[in-house]
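S.K.:
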Amino acid sequence: MRGRSVAALVFSTVLTTGLTTGLAGPAHARTTDEPVPTDRTPVATGFGGAVSSVDPDATAIGLDVLRRGGNAVDAAVATAAALGVTEPYSAGVGGGGFLVSYDATTQRVTTIDGRETAPAAMTPDAFLGPDGTPRPFPELVNSTLSVGVPGTPATWERALAEQGTMTLTQALSGARSLAERGFVVDEEFREQTVDNAERFRDFSSTAQLFLPGGDAPAVGSVFRNPDLARTYQLLGEQGAGAFYGGELGRAVVDTVAAPPVADGVSREVLRGRMTLDDLLAYRAPDREPTRVVHDSASGTVEVYGMGAPSSGGTTVGEALNVLDALDSRLGPTTDPVVSEHRKLEAAALAFADRNRFVGDPDVQDVPQQRLLSPEFAAQRACPVRDDAVLPRPVAPETGCDATGETDPEPYEGQSTTHLVTADAAGNVVSYTLTIEQTGGSGIVVPGRGFLLNNELTDFNAAPAVAGQPDPNLPGPGKRPRSSMSPTIVLADGRPLLAAGSPGGATIIGTTLGILVDRLDRGVPLPEAVAAPRVSEQNGTATSAETAYVESARGQALAALGHVFRPVEEIGAAAALEFLPDGRVQAVAEPVRRGGGAAGVVHPAP
Ligand code: GLU
């Protein structure tokens with residue numbers, strides 16, 4: 001998406017020699033040192049490893065790492081760091097994320113939890129105003145009260161140390177050069193900047209970086225971020241310690257305490273209380289992945305995902321289990337309307353349990369095993385019928401009677417980015433990272449070139465259902481619940497698929513939709529990614545892309561009783577699949593968010 005730069009591929013000494021992008025599509029010869037736009041390609045098939053992301057520069061940097069002998073983890077960190085340059089409103093060292101990986105040597109799936117944490121000073125009522133009701137949401141977003149301790153630097157360092165082959169300096173080298181050399185601004189980058197311009201203006205550091213001369217960078221201009229290049233250099237030299245206690249961390253703490261509010265801004269900017277101790281205490285722990293065994297049309301597969309504090313793995317997993325239970329009870333179906341209806345019912349049931357039970361597992365018990373057990377799914381599937389829609393909202397953990405109370409849909413942002421990588425040895429990474437809102441808190445750390453997240457707005461400011469325990473209230477050192485769903489699917493113990501998406505709580509529906517299309521309905525992965533999307537969240541209406549609502553299937557579902565709220569676009573997925581003939585296929589968005597970039601090391605379409 002963002003600006004495309006072939007120069008980004010050739011800038012550094014490490015990257016210069018004999019570089020070809022490996023991105024399918026028209027080749028570009030480099031004629032000058034100036035960055036020029038590169039093309040995006042939604043599907044690439046071949047050998048030697050693959051990368052898919054929303055951005056061609058980032059994908060090309062990941063592929064180059066693979067080409068130079070790096071493995072899937074090295075490539076994932078390199079790609080993520082590049083996205084911090086070209087997708088600075090969605091990802092960066094000021095945020096967090098979840099990295100799921102398959103290690104071909106141990107044949108195990110592991111996960112790293114790089115979710116942001118609340119400062120130790122955060123209290124459960126932190127987001128309530130003086131009258132005891134939640135503060136207006138924009139007040140929380142555009143503040144440092146919602147800034148969590150970033151987890152991305154720790155994630156990168158840990159992933160490389162545990163599973164990579166490169167140093168942080170090596171893995172960040174492509175992104176550092178990209179930040180120095182710059183990329184060509186496209187419509188999407190300009191549009192996102194324009195959309196955020198009003199709040200960016202409130203902070204002098206942000207306006208200086210993203211509104212040069214007072215306006216969003218023009219389409220076709222070159223956007224450079226030398227401050228971020230220096231940040232990456234420092235991280236490489238000093239390790240993540242530069243962040244967790246060092247110079248970068250001090251800059252974060254200072255910015256949280258005293259955000260650079262521009263002259264003339266009269267509104268109150270709420271301040272967080274983050275200390276250097278909060279940063280020193282930060283850990284990106286390994287978590288047990290979620291795992292369900294799913295009876296897909298293409299055989300039995302194991303679906304691995306991210307456990308709490310993300311709700312992605314349990315919610316996608318529970319929904320798949322409910323679908324299996326429905327196949328047993330009602331019989332398998334090939335009817336597209338019935339199949340889709342069951343998917344929506346399964347998602348609603350799983351969402352009810354997610355809202356009720358999933359939060360930070362270090363703070364409260366999250367009954368992950370129960371949520372993922374086939375017995376629980378069979379109990380949950382009990383009220384589902386093929387000829388009627390369960391009244392929304394359905395209640396959590398019920399059996400045949402699933403009638404619920406009103407459950408306001410908790411808010412989650414619409415930013416974030418997902419990437420997948422695979423190498424020739426069969427290692428795979430599925431990684432979603434975020435700064436929460438598009439543009440995060442809107443506050444750039446002065447002189448450091450990155451935005452701070454507003455991830456703590458993923459907490460519920462007050463209990464979602466009065467009188468019902470809420471696992472997702474703010475708390476000291478606590479991680480807010482996420483919906484990020486980086487997923488890896490194994491068949492016969494070997495990687496088959498990897499997928500994920502941004503989109504806040506819609507991520508779950510996007511990921512579930514791709515898995516069901518590909519695994520249960522036999523839809524080729526590129527079509528599964530491109531297909532019109534729906535996001536059932538157990539609310540009063542189901543968000544769905546217009547093309548979904550207007551399709552014959554959408555109309556039949558509406559006739560059955562589903563209530564749709566049309567939206568322009570849901571998610572921006574990235575995925576890959578190992579094909580039976582040994583090739584790997586990388587898949588990106590053909591259209592959403594301006595289209596993504598899939599690439600393989602040795603194309604063999
Ligand atoms: N903050 C959201 C989450 O963790 C992600 C935001 C997004 O995807 O846009 O689920």
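Heads up, the final residue of the sequence shown is numbered 605 in the working numbering, and it's a clean run with no missing numbers.
Beta carbons are placed, not taken as given, at the ideal position from N, Cα and C, and that holds for glycine.
A quick note: this is a predicted structure, and the numbers were derived from the prediction, not measured.
Can you determine whether any heavy atom of the ligand GLU sits closer than 7 Å to the C-beta of Thr133, and answer yes or no?
M.R.: No; taking the cut-off as 7 Å, the Cβ of Thr133 has no heavy atom of the ligand GLU nearer than that.
S.K.: Return yes when at least one heavy atom of the ligand GLU lies under 7 Å from the C-beta of Ser482, else no.
M.R.: The answer is yes for Ser482.
S.K.: Rounded to whole angstroms, what is the Cα-Cα separation between Leu473 and Gly467?
M.R.: Taking the straight line from one Cα to the other gives about 14 Å.
S.K.: What residues match up with Ile488 in a beta bridge as DSSP calls it?
M.R.: DSSP lists Tyr304, Ala498 as partners of Ile488.
S.K.: With distances taken between CB atoms, is the gap from Gly656 to Pro119 smaller than 8 Å?
M.R.: With the chain covering 1 to 605 only, the question about residue 656 has no answer from this structure.
S.K.: Whole angstroms is fine: what's the gap from Gly440's alpha carbon to Pro260's?
M.R.: Taking the straight line joining both Cα atoms gives about 15 Å.
S.K.: In this structure, does DSSP put Ala91 in helix, strand or coil?
M.R.: If DSSP states are grouped into helix, strand and coil, Ala91 belongs with coil.
S.K.: Give the DSSP-derived three-state secondary structure of His28 in the structure shown.
M.R.: Note on His28: pLDDT 32, under 50, position unreliable in the model; the coordinate value appears next. Looking at His28 - three-state DSSP - the assignment turns out to be coil, as it is neither helix nor strand.
S.K.: Does any heavy atom of the ligand GLU sit closer than 7 Å to the C-beta of Ile507?
M.R.: Result yes, Cβ under 7 Å from the ligand GLU.
S.K.: For Ala598, is the classification buried or exposed, using 16 other Cβ atoms within 10 angstroms of its Cβ as the cut-off for buried?
M.R.: By the 10 Å Cβ count, Ala598 comes out buried.
S.K.: Following a CB-centred definition, is Asp458 positioned closer than 7 Å to any heavy atom of the ligand GLU?
M.R.: Correct: Asp458 has its Cβ closer than 7 Å to the ligand GLU.
S.K.: Out of Leu557, Arg481, Asn538, Val534, point me to the one whose CA is closest to Thr546's CA.
M.R.: Thr546 has its Cα closest to that of Val534, out of Leu557, Arg481, Asn538, Val534.
S.K.: Kindly list the residues whose CB is nearer than 6 Å to the CB of Gly399, restricted to its own chain and excluding five residues on each side of it in sequence; keep chain order.
M.R.: Answer for Gly399: Gln379, Cys382, listed in chain order.
S.K.: Does DSSP put Ile112 in a helix, in a strand, or in coil?
M.R.: Looking at Ile112 - three-state DSSP - the assignment turns out to be strand.
S.K.: For the region 239-251 against the region 202-211, are there 3 or more C-beta pairs whose distance is under 8 Å?
M.R.: Judged by Cβ distances under 8 Å, the region 239-251 makes no contact with the region 202-211, as fewer than three pairs qualify.
S.K.: Once you ignore the five residues that flank Pro134 on each side, which residues in its own chain have a CB closer than 7 Å to its CB?
M.R.: So the qualifying residues of the chain are Phe127, Leu128, Ala461, Ala462.
S.K.: Could you spell out where the beta strand (DSSP E) holding Arg565 opens and where it closes?
M.R.: Residues 564-567.
S.K.: Find the nearest neighbour of Phe578 within the set Gly307, Gly46, Thr41, judged by alpha-carbon distance.
M.R.: When only C-alpha atoms are compared, the closest one is Gly46.
S.K.: Buried or exposed: where does Thr106 fall if 16 or more other Cβ atoms within 10 Å of its Cβ makes it buried?
M.R.: With fewer than 16 Cβ atoms within 10 Å of its Cβ, Thr106 is classed as exposed.
S.K.: Kindly indicate which three-state DSSP category Ala544 falls into: helix, strand or coil?
M.R.: In the structure shown, Ala544 sits in a strand (DSSP, three-state: E or B).
S.K.: Compute every distance between the C-beta of Glu436 and the non-hydrogen atoms of the ligand GLU, then say whether any falls below 7 Å.
M.R.: Yes, the Cβ of Glu436 comes within 7 Å of a heavy atom of the ligand GLU.
S.K.: Please name the residue or residues paired with Pro134 in a DSSP beta bridge.
M.R.: The partner list for Pro134 (beta bridge, DSSP) reads Leu128.
S.K.: Just to check my reading of the structure: Thr314 and Arg354 have Cβ atoms closer than 8 Å, yes? What is that Cβ distance to the nearest angstrom?
M.R.: Right, their Cβ atoms sit about 6 Å apart.
S.K.: Can you tell me where the beta strand (DSSP E) holding Arg158 begins and where it ends?
M.R.: First-last for Arg158: 152-163, but that is the alpha helix (DSSP H), not the beta strand (DSSP E).
S.K.: DSSP three-state label for Gly554, please.
M.R.: Note: Gly554 maps to helix in three-state DSSP.
S.K.: Compare the beta carbon distance of Leu592 and Thr117 with 8 Å and say whether it is the shorter of the two.
M.R.: Correcting the residue identity first, residue 592 is Arg in this sequence and not Leu. No, the Cβ-Cβ distance between Arg592 and Thr117 is not below 8 Å.
S.K.: Among Gln555, Asp520, Asn538, Ala531, which has the Cα closest to the Cα of Ser296?
M.R.: Comparing Cα-Cα distances from Ser296 to each of Gln555, Asp520, Asn538, Ala531, the minimum goes to Asp520.
S.K.: Any idea if Asp186 is buried or exposed, counting beta-carbon neighbours within 10 angstroms, 16 or more meaning buried?
M.R.: Flag for Asp186 reads buried.
S.K.: In its own chain, which residues sit with a C-beta less than 8 Å from the C-beta of Val601, not counting the 5 before and 5 after it?
M.R.: Cβ within range, chain order: Gly22, Gly46, Phe47, Gly48, Gly49, Ala50, Leu63, Leu66, Arg67, Ala424.
S.K.: If Thr255 and Pro217 are in contact, beta carbons under 8 Å, what's the gap, nearest whole angstrom?
M.R.: The Cβ separation is near 23 Å, so there is no contact.
S.K.: Measuring alpha carbon to alpha carbon, tell me which residue in Gln585, His294, Gly164 is nearest Val489.
M.R.: Selected option, being the one with the closest Cα: His294.
S.K.: What number of angstroms, rounded off, separates the C-alpha of Ala588 from the C-alpha of Ala573?
M.R.: Taking the straight line joining both Cα atoms gives about 6 Å.
S.K.: Is it the case that the region 145-161 contacts the region 336-350, given that we only count it when at least three CB pairs across the two stretches are under 8 Å?
M.R.: No: the two stretches stay apart, fewer than three of their Cβ pairs being nearer than 8 Å.
S.K.: Helix, strand or coil for Val587 per DSSP?
M.R.: Val587: strand per DSSP, three-state reduction.
S.K.: Could you tell me the alpha carbon to alpha carbon distance between Gly596 and Ala60, rounded to whole angstroms?
M.R.: Near 12 Å, if we compare the C-alpha coordinates of Ala60 and Gly596.
S.K.: Tell me, which residues are paired with Glu577 by DSSP?
M.R.: DSSP lists Leu497, Gln585 as partners of Glu577.
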